[in-house]
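What follows is a short report on a single structure.
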Amino acid sequence: MNLRRIGLVAWHVFKESVRDRILYGIVAFALIMVVAAILIAQITAGQDVKIIKDLGLAVIEGAGILMTIVIGVGLVAREIDRRSIFALLTKPLPRHEFIVGKYLGLLLTLMVNVAGMTAALYLMLAYADTQIPAEYEAVLDAPILDPRLLLVVVMVGAELSLLTAVAVFFSTFSSSGLLSIIFTVGVFVTGLFSADLRQFGDIVDVSPAVAAVIQTVGWIVPAFSAFDIKAQVVHGLPLPTWFVGGTLLYAVLYVCAILVAAVALFSRREFK
Amino acid sequence: MTAVRTERLTKDFLTGFWRPTPKRALDALSFEIPAGGVFGLLGPNGAGKSTTLKLLVDLLRPTSGRAEVLGRPPGDTAGRQRLGFLPENPTFYDHLSAEELLTYFAGLFGFTGADRRRRATVVLDRVGLEADRRRPIRQYSKGMVQRVGLAQALVNDPELIILDEPMSGLDPIGRRDVRAMIAELGQEGRTVLFSSHILSDAEELCERVAILAKGQLVTSGHVSELTSRDVTGWVLVVAGGDEAQHRVMVPDGVVRHLGHDRFALELAATSRPEAVVAALAASGAVLESVTPRRATLEDVFVRSVGQVGADVAVTGAQGAPR
Numbered sequence: 015m016n017l018r019r020i021g022l023v024a025w026h027v028f029k030e031s032v033r034d035r036i037l038y039g040i041v042a043f044a045l046i047m048v049v050a051a052i053l054i055a056q057i058t059a060g061q062d063v064k065i066i067k068d069l070g071l072a073v074i075e076g077a078g079i080l081m082t083i084v085i086g087v088g089l090v091a092r093e094i095d096r097r098s099i100f101a102l103l104t105k106p107l108p109r110h111e112f113i114v115g116k117y118l119g120l121l122l123t124l125m126v127n128v129a130g131m132t133a134a135l136y137l138m139l140a141y142a143d144t145q146i147p148a149e150y151e152a153v154l155d156a157p158i159l160d161p162r163l164l165l166v167v168v169m170v171g172a173e174l175s176l177l178t179a180v181a182v183f184f185s186t187f188s189s190s191g192l193l194s195i196i197f198t199v200g201v202f203v204t205g206l207f208s209a210d211l212r213q214f215g216d217i218v219d220v221s222p223a224v225a226a227v228i229q230t231v232g233w234i235v236p237a238f239s240a241f242d243i244k245a246q247v248v249h250g251l252p253l254p255t256w257f258v259g260g261t262l263l264y265a266v267l268y269v270c271a272i273l274v275a276a277v278a279l280f281s282r283r284e285f286k
Numbered sequence: 002m003t004a005v006r007t008e009r010l011t012k013d014f015l016t017g018f019w020r021p022t023p024k025r026a027l028d029a030l031s032f033e034i035p036a037g038g039v040f041g042l043l044g045p046n047g048a049g050k051s052t053t054l055k056l057l058v059d060l061l062r063p064t065s066g067r068a069e070v071l072g073r074p075p076g077d078t079a080g081r082q083r084l085g086f087l088p089e090n091p092t093f094y095d096h097l098s099a100e101e102l103l104t105y106f107a108g109l110f111g112f113t114g115a116d117r118r119r120r121a122t123v124v125l126d127r128v129g130l131e132a133d134r135r136r137p138i139r140q141y142s143k144g145m146v147q148r149v150g151l152a153q154a155l156v157n158d159p160e161l162i163i164l165d166e167p168m169s170g171l172d173p174i175g176r177r178d179v180r181a182m183i184a185e186l187g188q189e190g191r192t193v194l195f196s197s198h199i200l201s202d203a204e205e206l207c208e209r210v211a212i213l214a215k216g217q218l219v220t221s222g223h224v225s226e227l228t229s230r231d232v233t234g235w236v237l238v239v240a241g242g243d244e245a246q247h248r249v250m251v252p253d254g255v256v257r258h259l260g261h262d263r264f265a266l267e268l269a270a271t272s273r274p275e276a277v278v279a280a281l282a283a284s285g286a287v288l289e290s291v292t293p294r295r296a297t298l299e300d301v302f303v304r305s306v307g308q309v310g311a312d313v314a315v316t317g318a319q320g321a322p323r
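Read top to bottom, the protein sequences are chains A and B.
For the first sequence, this note's numbering assigns the number 15 to the initial residue and increments by one for each residue that follows.
For the second sequence, this note's numbering assigns the number 2 to the initial residue and increments by one for each residue that follows.
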């Protein structure tokens with residue numbers, strides 16, 4: 015594994031994404047939404063700060079998911095479609111380095127954007143802080159410029175890392191961008207309900223075989239819902255360290271497993 | 002030293018969605034390319050040229066048989082360090098300029114810092130894109146993209162350069178430039194393997210060729226040997242005598258008046274020129290020259306490819322269910 019070559023591929027993906035107009039559209043939309051949170055907060059008396067935080071964090075997560083899917087599913091497929099991969103893969107660039115480089119490049123793009131949107135959110139909160147009387151601030155569940163918001167952003171980053179791996183995985187073998195989107199969105203949505211699926215047999219009266227299949231799916235798909243700690247942070251509820259650490263470790267292990275599978279599939283792929 | 006070696010290299014593609022059936026694109030191809038010089042892989046469309054080249058650079062995997070490139074298996078990273086490849090109708094990243102692309106690729110070959118940019122500049126100068134190197138590739142004409150393709154194949158100063166239809170889609174000036182560059186690379190002692198169905202290019206550039214048809218190797222060897230292996234006729238130029246007498250001497254041939262009292266007597270390959278030469282003295286004509294007419298690469302190509310077509314047709318007819 016040559017880190018320099020991986021870095022070159024990753025930097026190329028970042029550069030390509032930065033020059034992609036779609037990305038600007040998503041970022042602009044996200045920033046407008048963060049700003050809109052302030053306006054919405056002004057018409058929701060007493061809930062201003064919570065609304066800004068809730069909406070702001072949701073927009074950061076939503077925009078990140080949108081970017082991951084839009085850019086991620088085409089990450090490898092577009093190289094194959096436009097046949098630029100023919101020249102690239104005949105360079106001294108092993109296929110596993112190509113996949114890891116692509117993954118890290120998209121991750122870098124996402125993290126830079128998430129960091130930008132987080133900075134915008136904190137700016138909005140800082141503005142709100144100047145508008146809110148001190149006596150009102152004292153009765154809030156959590157401080158206005160709550161550093162724990164960064165924990166939410168870290169969890170969003172972990173969620174996006176996992177979703178990026180899923181998108182890259184489908185991108186390596188699907189010949190259609192639309193199919194890659196459908197598969198990736200399908201896994202993401204299923205993953206949001208993974209906890210419910212794991213208890214499916216207990217909640218719904220179905221045959222044991224069907225329950226077993228659905229429960230298995232619930233265990234296999236990435237548990238995307240586990241990364242959502244927005245409510246706990248916004249409402250100032252306790253958040254055990256073991257939970258955060260365990261969820262981050264889960265993301266790392268799952269990403270590694272998906273990338274190994276993506277590399278295994280991509281290494282066998284032929285390019286006519 | 003051998004630059005490329007294949008042994009019974011075979012490739013089947015599966016066709017059909019519900020019941021995939023194998024279709025043979027390359028059938029037990031064995032050949033060797035010695036290091037140094039220009040080698041042409043010729044054949045009509047669908048002959049298996051691109052399949053062969055893609056097998057050599059590990060974009061495809063053989064169904065059976067094996068290949069060696071610079072003494073290593075295709076896909077070996079160390080081997081690729083010494084290899085340049087131009088795909089057919091290349092496309093690159095629209096958002097990059099040629100300089101950025103070449104700098105990126107030079108980095109993959111291990112060039113660092115200022116060397117990366119320097120290497121990019123050198124090869125872009127070589128392909129004549131120095132003035133346009135900072136323009137986005139999406140603004141390039143097809144000929145310019147082909148030049149970028151050549152530049153990226155040369156960015157690592159390779160020993161072996163594999164070019165898939167390098168003249169495809171180029172205008173006459175572009176073709177001339179690419180031809181000149183290939184010749185120059187061969188003269189520098191590099192091995193150039195290129196595929197083409199443009200025979201005049203191959204005849205002009207290659208020392209050796211292999212001709213493929215329907216996935217099979219039909220002939221290979223030095224161009225000079227292939228084209229001189231068969232005499233397709235004789236041309237005798239004589240001075241004096243009259244046309245009617247000459248026609249009597251070459252009843253199966255053609256007599257052409259060249260002007261003044263000179264004639265060209267064209268004989269079929271089956272006729273012997275000695276008999277005509279002996280008869281000349283009696284006709285009062287003087288022999289000026291005797292030239293054997295040799296096959297061109299096009300003759301060899303048409304005959305070889307036609308032969309395979311006929312063989313396949315016969316085999317197909319014999320093997321057809323009754």
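Just so you know, even glycine gets a beta-carbon here, dropped at the ideal spot from N, CA and C.
Because the structure is a prediction, the values reported are computed rather than measured.
Opening and closing residue of the beta strand (DSSP E) in which residue i lies
| i | result |
| --- | --- |
| B/His258 | Val255 to Gly260 |
| B/Ile163 | Leu161 to Asp165 |
| A/Val248 | That residue, A/Val248, is in no beta strand (DSSP E); its alpha helix (DSSP H) goes Lys244 to Val248. |
| B/Arg294 | Val287 to Arg295 |
| B/Arg196 | The sequence shown places Ser at residue 196 of chain B, rather than the Arg named in the question. Segment Thr192 to Ser197, the beta strand (DSSP E) holding B/Ser196. |
| B/Phe86 | Leu84 to Leu87 |
| A/Trp256 | Looking at the DSSP string, A/Trp256 is not in any beta strand (DSSP E); the run it does join, the alpha helix (DSSP H), is Thr255 to Arg282. |
Per-residue burial, residue i [other beta carbons within 10 Å of its own, 16 or more giving buried]
| i | result |
| --- | --- |
| B/Tyr105 | buried |
| A/His26 | buried |
| B/Cys207 | buried |
| A/Asp68 | buried |
| B/Asn46 | exposed |
| A/Phe202 | buried |
| B/Pro322 | In this predicted model, B/Pro322 has a pLDDT of only 36, less than 50, meaning its place in the structure is not dependable; the value taken from the coordinates is given anyway. Answer is exposed; the Cβ neighbour count stays below 16. |
| B/Thr233 | exposed |
| B/Thr292 | exposed |
| B/His247 | buried |
| A/Gly39 | exposed |
| A/Lys244 | buried |
| B/Ala270 | exposed |
| A/Ser190 | exposed |
| B/Trp19 | exposed |
| A/Phe257 | exposed |
| B/Gly80 | buried |
| B/Pro159 | buried |
Beta carbon proximity, residue i to chain B, threshold 8 Å
| i | result |
| --- | --- |
| A/Phe100 | yes |
| A/Lys244 | no |
| A/Leu193 | no |
| A/Phe280 | no |
| A/Leu118 | no |
| A/Leu22 | yes |
| A/His26 | yes |
Residues near residue i by beta carbon distance below 7 Å, same chain, minus five either side
| i | result |
| --- | --- |
| B/Glu131 | Leu125 |
| B/Arg118 | Thr104 |
| B/Gly241 | Asp262, Gly285, Ala286 and Val287 |
| B/Lys55 | Leu61 |
C-beta neighbour in chain E for residue i, strict 8 Å
| i | result |
| --- | --- |
| A/Lys105 | Among the protein chains in the structure shown, which are A and B, there is no chain E. |
Cβ of residue i within 8 Å of any chain A Cβ
| i | result |
| --- | --- |
| B/Gln140 | no |
| B/Gly108 | yes |
| B/Phe18 | no |
| B/Pro1 | The requested residue 1 of chain B does not occur in the structure, where chain B is confined to residues 2 to 323. |
| B/Thr192 | no |
| B/Thr7 | no |
| B/Gln147 | no |
Residues of its chain near residue i, where Cβ-Cβ distance is below 8 Å and the 5 sequence neighbours each way are ignored
| i | result |
| --- | --- |
| B/Arg127 | Ala152, Leu155 and Met182 |
| B/Arg139 | Asp95 and His96 |
Limits of the alpha helix (DSSP H) - the one that residue i falls within
| i | result |
| --- | --- |
| B/Val210 | B/Val210 -> not in any alpha helix (DSSP H); beta strand (DSSP E) instead, spanning Arg209 to Ala214. |
| A/Phe214 | Phe214 to Ile217 |
| A/Gln145 | Arg109 to Gln145 |
| A/Trp233 | Pro222 to Ile234 |
| B/Gly80 | Thr78 to Arg81 |
Residues of its chain near residue i, where Cβ-Cβ distance is below 6 Å and the 5 sequence neighbours each way are ignored
| i | result |
| --- | --- |
| A/Ser208 | Gly232, Val235 and Ala237 |
| B/Val238 | Ala265, Glu289 and Ser290 |
Members of the region 72-85 of chain B that neighbour chain A once the beta carbon cut-off is set at 8 Å = Thr78, Ala79, Arg81, Gln82 and Leu84
task = Quick one: which residues of the region 177-191 of chain A get their C-beta closer than 9 Å to a C-beta of chain B? List them in chain order.
result = none
ask   = At a Cβ cut of 8 Å, what residues of the region 27-61 of chain B count as close to chain A, listed as they run along the chain?
value = Lys55, Val58, Asp59, Leu60 and Leu61
task = Quick one: which residues of the region 91-125 of chain B get their C-beta closer than 7 Å to a C-beta of chain A? List them in chain order.
result = Pro91, Thr92, Phe93, Tyr94, His96, Tyr105, Phe106, Gly108, Leu109 and Phe110
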